[in-house]
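Numbering-wise, the working numbering puts 89 at position 63 of the sequence shown, and it's gapless, one number per residue.
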Amino acid sequence: MFSKAFAAACAVLVLGGGYGWYRWDNTAGYVLSVSTAAGEVRQLDLPDGSHVALNFGSTLEVRYYPRRRELVLNQGEGFFDVAPDTGRPFTVDARQSRITVVGTAFNVRNTADEVIVKVSHGRVRVQPDRDKARPELSLGAEQGVTVDARNATYQAVAAVPDGVGGWRNGRLVYRRTPLGEVAQEVAQYLGKPVALASPGLKSLPVSGFAATNAPAAFLEALPDLLPVQVKRTPGGGYLIQDR
């Protein structure tokens, strides 16, 4: 009788202890939700010493747990300078993709069509689709990847050292960057669409500098860099066509 009661008591203690540990491990000690408006860049200092810069029109959720640091970039763009902590990996989810680091600096842009990750220094692991068992990609400094938002296919891209997160200083740096990516990024600062007249234009390499406060001037100078012509559209946007 005593042994059965003792065993039952032990079982209760084990179950209770297990639940308590689970609750501790899954209770966020720090929570933050922040959004930026059009034309607003915001700097965030997180409690572990990490720093985040949020670009125009971005939405970020932050949750720090005892053994992990989880962030979700629902839309927009962020530059993440992560304080090392081997006991608490730092993850950023953007659409279906997940970026995992211990300590590094990298940029993530989440658009309707793709997620673009570029590394400034250190290393990151990228899961193009975190819900499927696919090999992780390992990226180092000056490396990047674009992940298609529709099917999680991906393509390697270069990351210019002084261009990763350059928008924080009001300057966009392009070194043989595909025109499709450039058009998408410049449209963010223009506040109007920048369309390409044909799919073949997407891969044209662009090298140059753009000021985030003068995106129209950069677009209008594109014919000096590429065999294209740039036209204003009735809605205030731009159309880039073959010359």
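Positions of the beta carbon are idealized from the N, C-alpha and C atoms, including for glycine.
1. What's the call for phenylalanine 235, buried or exposed, on a 16-neighbour Cβ count within 10 Å?
2. Comparing C-alpha positions only, which one of His147, Leu216, Thr130, Gly46 sits nearest to tyrosine 264?
3. Could you check what DSSP says for valine 208 in three-state terms: helix, strand or coil?
4. Between the beta-carbon of asparagine 239 and the beta-carbon of glycine 192, is there less than 8 Å?
5. What number of angstroms, rounded off, separates the C-alpha of lysine 158 from the C-alpha of arginine 95?
6. Please name the residue, chosen from Ala109, Gln169, Asn100, that lies closest to valine 118 on a Cα-to-Cα basis.
7. Starting from alanine 64 and walking both ways along the alpha helix (DSSP H), at which residues does that stretch end?
8. Can you grab the Cα-Cα spacing for the pair leucine 245 / glycine 83, in whole Å?
9. Please list the terminal residues of the continuous alpha helix (DSSP H) segment that includes glutamate 140.
10. Leaving out five residues on either side along the sequence, give the residues of the same chain with a beta carbon under 8 Å from the beta carbon of histidine 147.
11. Could you check whether tyrosine 91 and glycine 46 sit closer than 8 Å to each other, using their CB atoms as the reference points?
12. Expressed to the nearest angstrom, what Euclidean distance is found between the alpha-carbon atoms of valine 108 and alanine 223?
13. Shortest alpha-carbon distance to valine 171 belongs to which of Arg160, Pro161, Ala185?
14. Give the straight-line distance between the Cα atoms of valine 212 and lysine 257, rounded to the nearest whole angstrom.
15. Rounding to the nearest angstrom, what Cα-Cα distance links valine 98 and valine 88 in this structure?
16. Under the DSSP definition of a beta bridge, which residues are partnered with tyrosine 264?
17. Assign asparagine 195 to one of three DSSP states: helix, strand, or coil.
18. Can you find the residues in the same chain that come closer than 6 Å, C-beta to C-beta, to glycine 75, ignoring five residues on each side of it along the sequence?
19. Using CA atoms only, rank isn't needed, just tell me which of Pro204, Gln214, Pro249, Ala242 is closest to leucine 227.
20. So valine 173 and glutamate 162 are supposed to be a Cβ contact under 8 Å. How far apart are they, rounded?
Straight from the coordinates:
1. exposed
2. Leu216
3. helix
4. no
5. 21 Å
6. Asn100
7. No alpha helix (DSSP H) contains alanine 64, which DSSP labels as neither H nor E.
8. 21 Å
9. Careful: glutamate 140 lies outside any alpha helix (DSSP H), inside the beta strand (DSSP E) at 140-147.
10. Thr130, Ala131, Ala167
11. no
12. 40 Å
13. Ala185
14. 15 Å
15. 7 Å
16. Val220, Arg258
17. helix
18. Ala109
19. Pro204
20. Wrong, their Cβ atoms sit about 12 Å apart, outside the cutoff.
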